[in-house]
Amino acid sequence: MRTSGLLLLTAGVGFAIGVLTVGGERRWWTGTAVAAIASVVVAVAIAVMWRGESNRTRRFGLSAGQLLHLVRQVRRGTPPTDPAVRPAVLEILGRQRRALTFQRRKGYRRLRGCLLVVFSLLAVVQLTSGSYGSGAVTLLWLLLVLLGPLMLRRQERRLDAAERSLGLTPDAPTHRPKLRSPRTSENPESAKN
């Protein structure tokens with residue numbers, strides 16, 4: 000049920016984006032094409048994800064629904080403490096921690112900064128040229144890029160809470176960005192002069 004709902008939502012959003020970004024007579028055809036392409040891409044992504052998840056569920060002896068329920072509980076910061084599912088919960092925590100570590104890398108932050116500049120310029124150009132529909136969509140993308148760091152911090156706090164509830168200590172240096180220390184001279188006497 001959720002898969003078909005996700006595909007319908009994808010088709011609807013794809014159609015809306017296609018209609019809003021193109022003007023003239025062809026916008027209905029563009030909306031239909033974007034909806035079809037988005038639906039196919041999401042269906043393939045769901046199939047690939049489902050295959051990987053089914054391999055993992057077999058390894059832990061869980062059903063796909065049970066594993067997805069565990070993932071939701073870990074994301075909320077309240078993992079189950081049942082010893083039977085502990086290996087699965089630990090693997091979920093590790094995967095989510097690695098994903099957060101990847102998003103904290105310097106290259107990812109630079110990409111986010113570039114996207115902010117590109118979406119800002121694109122929104123200004125589209126809004127000043129009178130293309131309000133595509134300008135609104137671009138502003139929505141800009142808002143999502145801006146919310147990225149806030150969502151990362153929230154997810155980090157939830158993972159820390161999940162690790163604490165399992166009796167684990169969050170490994171601070173591996174998932175938090177390192178702060179630069181101010182450069183100082185190695186010789187304290189030269190700093191006085």
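Residue 84 in numbering that gives the first Met the number 0 is what sits at position 85 of the sequence shown, and the numbering runs on without skipping anything.
No residue lacks a Cβ here, since even glycine has one placed at the ideal position from N, Cα and C.
Quick one: grab the DSSP three-state call for residue i.
i, result
"R96", "helix"
"E24", "coil"
"P86", "helix"
"S62", "coil"
"S53", "helix"
"S128", "coil"
"R71", "helix"
"L121", "helix"
"R108", "helix"
"L167", "coil"
"R1", "helix"
"T31", "helix"
"T9", "helix"
"I36", "helix"
"G76", "coil"
Give the range of the alpha helix (DSSP H) segment to which residue i is assigned.
i, result
"D159", "Y131 to S164"
Whole-angstrom Cβ separation of residue i and residue j, contact assumed at under 8 Å?
i, j, result
"L115", "E162", "31 Å between Cβ atoms; not a contact."
"A98", "L61", "Contact flag wrong, Cβ pair sits at about 21 Å."
"P78", "L167", "Not really, about 10 Å apart at Cβ, beyond 8 Å."
Please tell me whether residue i and residue j are closer than 8 Å, where the distance is taken between their beta carbons.
i, j, result
"L19", "G132", "yes"
"T31", "F14", "yes"
"L196", "G134", "There is simply no residue 196 to check, as the chain begins at 0 and stops at 192 in what is shown."
"L149", "Q102", "no"
"I36", "V136", "no"
"R157", "G106", "no"
"L66", "E52", "yes"
"A34", "A63", "no"
"L5", "V41", "yes"
"L141", "S119", "yes"
"R111", "G147", "yes"
"V117", "Q95", "no"
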